[in-house]
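Residue numbers (the numbering used here): 1258 to 1361. Glycine included, C-beta positions come from ideal geometry on N, C-alpha and C. Only a predicted model underlies this, so the values are computations on that prediction, with no experimental measurement involved.
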Amino acid sequence: MNRTRPSAAPRPTAGALRLVEAGTSTPTAVDIAAYVRQMTAHCPYLAPSLQQGLTTWTVYQAEGDPSAVEAELFHAGFQAAERLRPLLNRPHSGLRCENIVLLG
């Protein structure tokens, strides 16, 4: 039996976010130092995650109207969760953290 895989639903809001920097532990497009200092006070897992290189940052530039950016930000969050899924059975998986930075 031949099965065809359904294609992804069209996203009319595609393009509202422009990828600036893909999943990196050391983003260069944005200074995260102040954010990291503030967040480590609230999240006990962030400092060890950063120290072990288990925190990644994906940077986007907002280039659409607010509702389109909102829709694409939701999509970006879904993609981030999907990137984490196969890593959950690896060592220190509880320390993995995926961050989305939105510029503009």
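Any idea what DSSP makes of V1316, helix, strand or coil?
If you number the sequence shown from 1, residue 1316 lands on position 59. It is a strand residue.
Backbone secondary structure at R1342 - three-state DSSP:
Residue mapping note: residue 1342 aligns to position 85 of the sequence shown, counting from 1. Three-state DSSP puts R1342 in a helix.
Where the beta strand (DSSP E) containing T1285 begins and where it ends | As a position in the sequence shown, residue 1285 is number 28, starting the count at 1. If you look at T1285, you'll find it isn't in any beta strand (DSSP E); DSSP assigns it neither H nor E.
Can you have a look at E1339 and say buried or exposed, based on whether 16 or more other CB atoms are within 10 angstroms of its CB? Within the sequence shown, residue 1339 is the residue found at index 82, counting from 1. By the 10 Å Cβ count, E1339 comes out exposed.
Give the C-beta separation of L1330 and L1276 to the nearest angstrom, bearing in mind that I take them to be a contact with Cβ-Cβ under 8 Å.
Position 73 of the sequence shown, counted from the first residue, corresponds to residue 1330. Position 19 of the sequence shown, counted from the first residue, corresponds to residue 1276. That belief does not hold up - the Cβ atoms of L1330 and L1276 are roughly 13 Å apart, past 8 Å.
Exercise for review: Below 6 Å CB to CB, which residues in the same chain sit around A1325 once its five sequence neighbours on both sides are set aside?
Suggested key: Here residue 1325 refers to the residue found at position 68 when the sequence shown is read from its first residue. Excluding its 5 nearest sequence neighbours in each direction, A1325 has C-beta neighbours in its own chain below 6 Å: T1270 and A1273, listed in chain order.
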